[in-house]
Amino acid sequence: MNRILVSACLLGEKVRYDGGHKLDLFLTGTLGPFVEWIRVCPEVDCGLPVPREAMRLVGDPGHPRLVTSKSGMDHTERMERWAKARLDELSGVDLCGYICKKDSPSCGMESSGVFTRMFIERFPHLPVEEEGRLADPVLRKMFLQRVRA
579 MNRILVSACL LGEKVRYDGG HKLDLFLTGT LGPFVEWIRV CPEVDCGLPV PREAMRLVGD
639 PGHPRLVTSK SGMDHTERME RWAKARLDEL SGVDLCGYIC KKDSPSCGME SSGVFTRMFI
699 ERFPHLPVEE EGRLADPVLR KMFLQRVRA
């Protein structure tokens, strides 16, 4: 069975900064029976609580800082230390792809989320897609073809 890394909030886990989730029924209902999900929530997994202060990316777009929106606390080093260790663990797992949460400061792909950026650098051959883009039939087909390859 294909193993796909997935943002935990998309599986319905209440790990978001506000204590909520972003359950994606395509992932859990349609795709779920055919894959083995490897869940990840970089913010919770690196030790941040639920709920927590919202965060944003600031500074250099190529290597942004992960900073809380109100207090300005910088969690970049904490996240990068955890991500390096988690990516080392994942190198021993036969992953086929990664589905990440759009616009997340840790998981976003288009917004260069800290963890996703490091994942892509570490596993450049694996397909990575944001959940919202999988609603596009062409992008979904391309992602699934790469996962199965």
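Under the working numbering, the first residue of the sequence shown carries the number 579, and numbering increases by one thereafter. We treat Cβ as the ideally placed atom computed from N, Cα and C, and that holds for glycine.
According to DSSP, which residues form a beta bridge with Ser585? Per DSSP, Val618.
Compare the beta carbon distance of Asn580 and Val725 with 9 angstroms and say whether it is the shorter of the two. Their beta carbons are under 9 angstroms apart, which means Asn580 touches Val725 by this criterion.
Name the DSSP bridge partner or partners of Leu704? In DSSP, Leu704 forms no bridge with anything.
Contact between the segment 711-726 and the segment 617-633 is defined here as three or more beta-carbon pairs at a separation below 8 angstroms; is this criterion met? Taking 8 angstroms as the limit for Cβ pairs, the verdict is that the segment 617-633 does not touch the segment 711-726.
Going by other Cβ atoms of all chains shown within 10 Å of its Cβ, with 16 needed for buried, is Leu603 buried or exposed? Its Cβ having fewer than 16 others within 10 Å, Leu603 is exposed.
Which word fits Pro629, buried or exposed, when buried means at least 16 other C-beta atoms lie within 10 angstroms of its C-beta? Exposed: under 16 other Cβ atoms inside 10 Å.
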